[in-house]
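**Q** In my numbering, the protein residues as written are 1 to 988. Glycine residues also receive a C-beta, built at the ideal position from the N, C-alpha and C atoms.
#1: Are the beta-carbon atoms of residue 667 and residue 815 separated by less than 8 Å?
#2: Taking residue 962 as the reference, which of 949, 973, 810, 972 has the closest Cα?
#3: If distances are taken between C-alpha atoms only, which option among 299, 930, 443 comes closest to residue 956?
#4: For residue 671, which of 298, 617, 819, 630 has the nearest alpha-carbon?
#5: Can you grab the Cα-Cα spacing for the pair residue 514 / residue 558, in whole Å?
#6: Would you list the one or two residues that DSSP bridges to residue 192?
#7: How is the alpha helix (DSSP H) around residue 310 delimited, first residue to last?
#8: Residues in its own chain within less than 8 Å of residue 392 by CB, not counting five upstream and five downstream?
#9: Nearest CA to the CA of residue 216: which residue from 876, 292, 284, 299?
#10: Buried or exposed: where does residue 440 fall if 16 or more other Cβ atoms within 10 Å of its Cβ makes it buried?
#11: Grab me the residues of residue 334's own chain with a C-beta within less than 7 Å of its C-beta, minus the 5 sequence neighbours each way, in chain order.
#12: CA-CA distance, residue 100 and residue 932?
#13: Considering only DSSP beta bridges, list what residue 269 is partnered with.
#14: By the DSSP assignment, the beta strand (DSSP E) with residue 427 in it spans what residues?
#15: Out of 761, 889, 699, 82, state which residue places its alpha-carbon closest to the alpha-carbon of residue 772.
#16: Which residues does DSSP pair with residue 737 in a beta bridge?
#17: Following the continuous beta strand (DSSP E) through residue 704, name the residue where it begins and the one where it ends.
#18: Evaluate the contact criterion for the region 963-974 versus the region 844-860: three or more CB pairs, one atom per stretch, below 8 Å.
#19: Kindly indicate which three-state DSSP category residue 717 falls into: helix, strand or coil?
#20: Taking 8 Å as the threshold (C-beta atoms), are residue 67 and residue 137 in contact?
#21: Let's test the definition: count the other Cβ atoms within 10 Å of the Cβ of residue 937 and tell me whether it reaches 16, buried, or not, exposed.
#22: Any chance you could list the alpha helix (DSSP H) runs of at least 4 consecutive residues sitting entirely within the region 141-210, in chain order?
#23: Is there contact between the region 673-693 and the region 752-769, where contact requires at least three CB pairs shorter than 8 Å?
#24: Any idea what DSSP makes of residue 886, helix, strand or coil?
#25: Considering only residues of the same chain and omitting the five flanking positions on each side of residue 88, which have a CB-CB separation below 7 Å?
#26: Indicate the three-state DSSP secondary structure (helix, strand or coil) for residue 982 in the structure shown.
#27: What residues in its chain sit with their C-beta under 8 Å from that of residue 141, if we drop five residues either side in the sequence?
#28: What did DSSP end up calling residue 631 once you bin it into helix, strand or coil?
#29: Exposed or buried, what is residue 342 when buried is set at 16 or more other beta-carbons lying within 10 Å of its beta-carbon?
#30: Can you list, in chain order, the residues of its chain with a C-beta nearer than 8 Å to that of residue 386? Leave out the 5 residues immediately preceding and following it.
#31: Using the beta-carbon count (16 or more within 10 Å), is residue 209 buried or exposed?
#32: Determine whether the beta carbon atoms of residue 921 and residue 980 lie at a separation below 8 Å.
#33: Out of 436, 433, 416, which has the shortest C-alpha to C-alpha gap to residue 427?
#34: How about the region 13-29 and the region 47-59: do they share at least three Cβ pairs that are nearer than 8 Å?
#35: Quick check: what's the CA-CA separation for residue 975 versus residue 65?
#36: Per DSSP, residue 349 forms a beta bridge with which residues?
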């Protein structure tokens, strides 16, 4: 393969003369047939003929066919405008890009409305998307050229939109500029490009992060007019132009949340207020963000002046210990969860995961923050130049710079290819082997194995360099104060240090640690155990200081020690594995549910030391194998239940730790929790069926199926989910009694089997329970039999069921069944969901149901993410409404999983693009937060009383810089979701 950074020498010649690379076609798909199908749809005979000639060479054919086969997004652009594809293949790409920019500027300046400007920019962005993709995939442009073209596209879009809006203000008389044709100049209105946008490093489907400031002393306002309201309204219009979705797409998703205190400030902030904020309470992450800041639109001179004033905030003359502590804590929080030797390819996040893009960026930016105040040469925006400057200054070795640059180029290329598939802002490889195979071929590898090897070879050196980054920095405890944990009574300096480290009750914390040296019972009575815990105590306190609740974590660890009959081994493990100590303290201090499991089952820690722990989550086959091996060791029926509980609790713990550590996505975690429940249900359904047969015999022709509903049906479970189940059965109609020593009639037999299954799952034993089970979604609810005959189920659903019961049925999925019975049940469910029904009546019933839930549960609490107005239940009701209303004509949209329903409905044209975007992003956003909340707390989340560490975990899960920003974004998201609900389902 051609290295992704190789640039041909004839860099201004036509595209096809410089073409180097092409994708590998998907399995079973040929380039010739793909290209022929595309050309057959080109209506213009002249364009069709020229495209056929241009794609006749083998490499050109492979490129175009590969793009068409692998990317629905790019193939859509190519089909909409074949002439543009022809121009991209025929001209020098630099000339084509320049022409597209010039054309966009001309049309924007002729446009007289916001809608007109938006229409021009959307077309411009789509044209650039195809051109840049061809140059990237074909190996014509190195990474720098690709990201610069993407960034210049964003710059032009923002600048032309601002210029249009400024001219509009001038035409209205609000603004009195010196040059009305260029009203943005001298306006005092500053648009800063942040992050990758500021550094000319935008990825292929990147959001753009902007901060808008204005200088009130410079703004040439008409007498009597104030700049603040005018510029706030202008900014709101700017965002709408950029991110409004229409039939022809959008320009750029735009994020303004990097501004100071976004939950409490307007979208445009005066420069005096901003400078005061940064000088007084600006944080280290904001210093890091401003490394890449650059004025990209509006009054460029004012923007540069503002950044000049910000230099003392960004670049400190001396390295202060508070900054070291902040950076050290950031590094520890991420690095402690990096895993061990195993690395899963499926689902790996190439941005945030081990050895990923973020680690390279963090490596560079952190050292820039530390040394850039003394060395101005390090004050550069882009990552590759930053690496070279660090090498020149002696901060990194030539070998490290070379390895990290090579990995960075490789990972950015993978990132771009992932995003080119569907124009999604994604950074994760597909969760399935088939999905990774497809993206491997899109990247030009022959198969998944070749790509996986290349990926691993690039990730591991990054992780190694990243791990060494802070070896010379002082530990956080040294920065915070001196701890003397052996003095009795505790010294005032120790109490002060504990308070500074986040302990709300430092005296109780100190006494707890002292108590380990004088235990009344338990394994700590051994001298060696006391010596080991004394040695470990400072590191333990240090680690707890970075958790959600240091006091809670210490109490949990104390219980763990006192319950453990042989704590010496545990203490030795923690002493030998600092990363494991950090992770366990995070669990103890942030997730009481997991902490309780660990306290009762200390041996689950053994699994955390397995090299494969942070690798790929176990699939159905692996879970089934492990569970069957465990249950096979049981000597009697009660032991089967105990072993099932031990297995379930341990697997829940291991998955939960991965979620807490951020090494698996919320979607993957929901699927993992569901897979675990399914395998347990399958095994216990088999066990109770065998027990019933042993006790009561068989009914001729008997068949049973366990149908999952709700979160289990949709594979969206959390650590605290209960199980919504229905048991359906069938038997020979001529036989109604079992043939055993104690025969039972049909209904009684299957009711007893259902009760046994529920008990197997939910009855408390010496090992606790597995799940709470809810059978209320069966026909007739609480008043109906606990098991339902398949014919009764069909009849009830088609003739008697309420709309809310059909809504619940959209999430139904057979998970355990007698061979051959499962497909029959699924067919019956599908028949109900594809039946024709009145859209008006159905939507009215759904609205009534939502109102009833609001009256019962309330919908005013923002952090009740499920029931809040615009919360998760609104999204689920939209997905259910789409299936019930459109299932008859569009059966392909049916799916138990909410996010997949929204994806399919959008693809089928049943959702407007803007509404689909809002709902899909909100669904995944809520699920990320809910996974953390359900792991960490049993009761509802209350921001006012929540521990700071839990808020940090939630901010990380929400992919936002801090909790204040997250809280504001939750409110914004709920408003957007409710607006979409009204548009799709109806007013409420």
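**A** If we stick to the structure as given:
#1: By 1-based counting over the chain shown, the position of residue 667 is 667. By 1-based counting over the chain shown, the position of residue 815 is 815. Cβ distance not < 8 Å, so residue 667 and residue 815 don't count as in contact.
#2: Position 962 of the chain shown holds residue 962. Closest option to residue 962, Cα to Cα, is 949.
#3: Stepping through the chain shown from its first residue, residue 956 is reached at position 956. For the set 299, 930, 443, the Cα lying nearest the Cα of residue 956 is the one of 930.
#4: By one-based count along the chain shown, residue 671 stands at place 671. It is 617 whose Cα lies nearest to the Cα of residue 671.
#5: Counting from one through the chain shown, the residue named residue 514 turns up at place 514. Counting from one through the chain shown, the residue named residue 558 turns up at place 558. Cα to Cα, residue 514 sits roughly 11 Å from residue 558.
#6: As a first step, residue 192 is located in the chain shown; it is residue number 192 there, counting from the start. Answer by DSSP bridge pairing, in chain order: 211, 295.
#7: As a working note, residue 310 is residue 310 in the chain shown. Element bounds for residue 310: 300-314.
#8: Mapped onto the chain shown, residue 392 falls at position 392. By the criterion of a C-beta distance shorter than 8 Å, residue 392 is surrounded in its chain by 377, once the five residues flanking it on both sides are discounted.
#9: Walking along the chain shown from the start, residue 216 turns up at place 216. With respect to the C-alpha of residue 216, the residue from 876, 292, 284, 299 having the closest C-alpha is 299.
#10: What you label residue 440 is simply residue 440 of the chain shown in a count that begins at 1. Buried: at least 16 other Cβ atoms inside 10 Å.
#11: By one-based count along the chain shown, residue 334 stands at place 334. Any reading at residue 334 must be qualified, since the residue scores a pLDDT of 45, below 50, and its modelled position is unreliable; no value is offered.
#12: Position 100 of the chain shown holds residue 100. Position 932 of the chain shown holds residue 932. Using only the alpha carbons, I get a separation of about 45 Å.
#13: Indexing the chain shown from 1 puts residue 269 at position 269. Secondary-structure assignment with DSSP links residue 269 through a beta bridge to 213.
#14: Position 427 of the chain shown, counted from the start, is the residue given in the question as residue 427. For residue 427, there is no enclosing beta strand (DSSP E), as DSSP marks it with neither H nor E.
#15: Within the chain shown, the letter at position 772 stands for residue 772. Selected option, being the one with the closest Cα: 761.
#16: The sequence position of residue 737 within the chain shown is 737, counting from 1. The partner list for residue 737 (beta bridge, DSSP) reads 745.
#17: Position 704 of the chain shown, counting from 1, holds the residue named residue 704. Element bounds for residue 704: 703-709.
#18: Not touching, per the Cβ criterion.
#19: Against the chain shown, residue 717 aligns to sequence position 717. If DSSP states are grouped into helix, strand and coil, residue 717 belongs with coil.
#20: Walking along the chain shown from the start, residue 137 turns up at place 137. Walking along the chain shown from the start, residue 67 turns up at place 67. Going by C-beta atoms, residue 137 is nearer than 8 Å to residue 67.
#21: Mapped onto the chain shown, residue 937 falls at position 937. With a threshold of 16 other beta carbon atoms within 10 Å, residue 937 meets it and is buried.
#22: Within the region 141-210, the complete alpha helix (DSSP H) runs of at least 4 residues are 143-171, 195-198.
#23: Counting Cβ pairs under 8 Å, three or more are found: they touch.
#24: What you label residue 886 is simply residue 886 of the chain shown in a count that begins at 1. Three-state DSSP puts residue 886 in a helix.
#25: For the purposes of this step, residue 88 is taken as residue 88 along the chain shown, with counting starting at 1. Within its own chain, the residues whose Cβ lies closer than 7 Å to the Cβ of residue 88, once the five positions on either side in sequence are excluded, are 15, 96, 130, 131, 134, listed in chain order.
#26: Within the chain shown, the letter at position 982 stands for residue 982. Correct three-state label for residue 982: helix.
#27: Position 141 of the chain shown holds residue 141. In its chain, beyond the 5 residues on either side, 7, 93, 132, 135, 149 have a beta carbon closer than 8 Å to the beta carbon of residue 141.
#28: On the chain shown, position 631 is the one that residue 631 refers to. Three-state result, residue 631: helix.
#29: As a working mapping, residue 342 is identified with position 342 in the chain shown. Note that residue 342 scores 46 on pLDDT, short of 50, meaning its location in the model is unreliable; the coordinates nonetheless yield the value given after this. Burial call: exposed.
#30: Position 386 of the chain shown holds residue 386. Cβ neighbours of residue 386 within its own chain (closer than 8 Å, five residues either side excluded): 364, 365, 368, 378, 380.
#31: Working through the chain shown from its first residue, we reach residue 209 at position 209. It is buried - the Cβ of residue 209 has at least 16 other Cβ atoms within 10 Å.
#32: Start at 1 with the first residue of the chain shown, and residue 921 comes out as number 921. Start at 1 with the first residue of the chain shown, and residue 980 comes out as number 980. No, Cβ-Cβ distance for residue 921 and residue 980 is not below 8 Å.
#33: The sequence position of residue 427 within the chain shown is 427, counting from 1. For the residues 436, 433, 416, the minimum Cα distance to residue 427 belongs to 416.
#34: Three or more Cβ pairs closer than 8 Å define a contact, and the region 13-29 meets that threshold against the region 47-59.
#35: In the chain shown, counting from the first residue as 1, residue 975 sits at position 975. In the chain shown, counting from the first residue as 1, residue 65 sits at position 65. Straight-line Cα distance between these residues: approximately 42 Å.
#36: Working through the chain shown from its first residue, we reach residue 349 at position 349. Per DSSP, the beta bridge partners of residue 349 are 428.
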